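S.K.: Protein chains in written order, with the working numbering: chain X, 1 to 155; chain H, 156 to 286.
Following this message is one structure expressed as structure tokens.
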Amino acid sequence: MKAIVIKIMICVAMLMSGIQANAQVKEFEKYADAKNVTYVYVSKFMLQMAGKAAAPSLPGMNTKSLMGKLTGIQIITSEDKSAATRLKNDTQAIVKQGKYELLMQVDEDEQKVRIYHREGKKQSAVVMLTDEEDEVAVIVFSGTFSFDDVMKMTK
Amino acid sequence: MDTLNWNELDRIPIPEGLEERLEAKIDEWEKEEEQRTKRRSLMPKVLRYTAIAASIAVVFGVGYHFIDSGEPVNLGQQDTYQDPILAQQEAERALNLLAVNLNKGMTQMEKARAISERTEITLNKQLSVLQ
């Protein structure tokens, strides 16, 4: 009898933990209702629908392999100076706290790009921070992919 | 009267084996009673565990209902696009941007590697001339 009660409790706990599971990087969710910031979220369901349609990627670039392994894309942009600065600083803090690794850094005249990567058993993420003169954009790719899957996108 | 009755009773012959039969019957009743009490004590245990399990289920159920209904809707978890084609275009755009930037970095790395190789060749040539 005790064993049954314990089993029931374990099942309930597992169900409750399942409810809390997430398909995106939670730290960026707060920008969904932030002022002067545009937040776009594309869910796994929509990505699967997109995958079925299978639009061609840019010539020489293989984006389809990663598309199939994504569980969510968050796109956060801001043209407002103070909001953009806050977004940039916040992203750097999230990346530092989340122990992301710097994958690539591209500094051009008017654009600075940082690409961070974190690989996890349950969820991996790639954060791309683009800092331009008049705009800051953060794109977060979440899913169950490896570093090699990301690098497959290069020629 | 009482004295008479006792005397009369003493005179009545006791059938053989009556005492043993009575004892056996009493033992049988005792056993039955014991089994009945055992059954009675088992029932509350089952009920107790069922009640505990039901209470846990109710607490979790009510708690989750309040958490679910009390919290405001999380906009961060809601799809921006209802149209799959628009979502697909946005996803493709984001992925292409990532691919372009990754390739930019890789191209620079390739350039740096080529320069490094050329420098090494020139250096080796100069060293061989000197030797």
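Every residue gets a Cβ at the ideal spot worked out from N, C-alpha and C, and that includes glycine.
On a predicted model such as this, the values are computed, not experimentally measured, just so you know.
Which one or two residues does DSSP pair with X/M153 in a beta bridge?
M.R.: Translated into the one-based positions of the first sequence, residue 153 of chain X becomes position 153. DSSP output for X/M153 lists no bridge partner at all.
S.K.: Would you verify that the beta carbon of X/A34 is, or is not, closer than 7 Å to some beta carbon of chain H?
M.R.: Sequence index remark: in the first sequence, residue 34 of chain X carries index 34 (1-based). Answer no: the Cβ-Cβ gap between X/A34 and chain H never drops below 7 Å.
S.K.: Does the stretch 236 to 252 of chain H touch the stretch 101 to 109 of chain X, meaning 3 or more C-beta pairs lie closer than 8 Å?
M.R.: Touching, no.
S.K.: Using a Cβ-Cβ cutoff of less than 7 Å, which residues in the same chain neighbour X/E119 once the five nearest sequence positions on both sides are dropped?
M.R.: Counting from 1 along the first sequence, the entry for residue 119 of chain X is found at position 119. Only S146, F147 meet the Cβ criterion.
S.K.: 7 Å is my cut-off, CB to CB: does X/L47 come that close to chain H?
M.R.: Here residue 47 of chain X is taken as the residue at index 47 of the first sequence, counted from 1. Closer than 7 Å: yes.
S.K.: If we count the other Cβ atoms within 10 Å of its Cβ and call it buried at 16 or more, is X/R114 buried or exposed?
M.R.: Translated into the one-based positions of the first sequence, residue 114 of chain X becomes position 114. Buried, since its Cβ has 16 or more Cβ neighbours within 10 Å.
S.K.: Please list, in chain order, all residues of the same chain as X/A21 whose beta carbon is under 6 Å from its beta carbon, the five residues on each side excluded.
M.R.: In the first sequence, residue 21 of chain X corresponds to position 21, counting from 1. For X/A21, the predicted model reports a pLDDT of 47, less than 50, meaning its position is unreliable; a value from the coordinates is still stated below. Excluding sequence neighbours, X/A21 sits near nothing in its chain.
S.K.: Ends of the beta strand (DSSP E) at X/L103?
M.R.: Working through the first sequence from its first residue, we reach residue 103 of chain X at position 103. Element bounds for X/L103: 101 to 107.
S.K.: Using three-state DSSP, classify H/Y236 as helix, strand or coil.
M.R.: Within the second sequence, the letter at position 81 stands for residue 236 of chain H. Correct three-state label for H/Y236: coil.
S.K.: Across the stretch 157 to 173 of chain H and the stretch 65 to 84 of chain X, are there enough close Cβ pairs to call them in contact, namely three or more that are closer than 8 Å?
M.R.: Verdict: no, contact absent.
S.K.: By Cβ distance, which residues of its chain are closer than 7 Å to X/G98, with the 5 residues on each side in sequence left out?
M.R.: Translated into positions along the first sequence, residue 98 of chain X becomes position 98. Only R118 meet the Cβ criterion.
S.K.: State the Cα-Cα distance for the pair X/M67 and X/T130, rounded to the nearest angstrom.
M.R.: For the purposes of this step, residue 67 of chain X is taken as the residue at position 67 of the first sequence. For the purposes of this step, residue 130 of chain X is taken as the residue at position 130 of the first sequence. One C-alpha to the other measures close to 21 Å.
S.K.: Taking 7 Å as the threshold (C-beta atoms), are X/V136 and X/K88 in contact?
M.R.: Here the question's residue 88 of chain X lines up with position 88 in the first sequence. Here the question's residue 136 of chain X lines up with position 136 in the first sequence. Yes.
S.K.: Which same chain residues end up closer than 6 Å to X/I94 when comparing Cβ atoms and leaving out the 5 residues on each side of it in sequence?
M.R.: The residue you call residue 94 of chain X lines up with position 94 of the first sequence. Within the same chain, X/I94 has close Cβ partners E27.
S.K.: Return no unless some Cβ of chain X is closer than 7 Å to the Cβ of H/P199.
M.R.: As a first step, residue 199 of chain H must be located in the second sequence, where it is residue number 44. No - not a single Cβ of chain X is within 7 Å of the one on H/P199.
S.K.: Taking C-beta to C-beta, are X/M153 and H/L252 nearer than 7 Å?
M.R.: The sequence position of residue 153 of chain X within the first sequence is 153, counting from 1. The sequence position of residue 252 of chain H within the second sequence is 97, counting from 1. In this structure, H/L252 does not lie closer than 7 Å to X/M153 by Cβ.
S.K.: If you compare alpha carbons, which of X/K64, X/E133, X/V37 is closest to X/D109?
M.R.: Taking the first sequence and counting its residues from 1, one reaches residue 109 of chain X at position 109. Minimum Cα distance to X/D109 is reached at X/E133.
S.K.: Can the beta-carbon of X/S142 be found closer than 7 Å to that of X/T71?
M.R.: In the first sequence, the residue the question calls residue 142 of chain X occupies position 142. In the first sequence, the residue the question calls residue 71 of chain X occupies position 71. In this structure, X/T71 lies closer than 7 Å to X/S142 by Cβ.
S.K.: Would you say H/A249 reaches chain X, if we count a Cβ-Cβ gap shorter than 7 Å as a contact?
M.R.: Along the second sequence, read from residue 1 onward, the residue named residue 249 of chain H stands at position 94. With 7 Å as the cut-off, H/A249 counts as an interface residue toward chain X.
S.K.: Which value, in whole angstroms, describes the spacing of the CA atoms of H/A209 and H/V201?
M.R.: Here residue 209 of chain H refers to the residue found at position 54 of the second sequence. Here residue 201 of chain H refers to the residue found at position 46 of the second sequence. Approximately 12 Å between the Cα atoms of the pair.
S.K.: Considering only the alpha carbon of each residue, which of X/A83, X/D33, X/V138 lies closest to H/Q233?
M.R.: For the purposes of this step, residue 233 of chain H is taken as residue 78 along the second sequence, with counting starting at 1. The shortest Cα separation from H/Q233 among X/A83, X/D33, X/V138 belongs to X/D33.
S.K.: By the DSSP assignment, the alpha helix (DSSP H) with X/Q74 in it spans what residues?
M.R.: As a working mapping, residue 74 of chain X is identified with position 74 in the first sequence. First-last for X/Q74: 70 to 78, but that is the beta strand (DSSP E), not the alpha helix (DSSP H).
S.K.: Can you name the residues of chain H whose CB is closer than 7 Å to the CB of X/S43?
M.R.: The residue you call residue 43 of chain X lines up with position 43 of the first sequence. Those are D234, listed as they occur along chain H.
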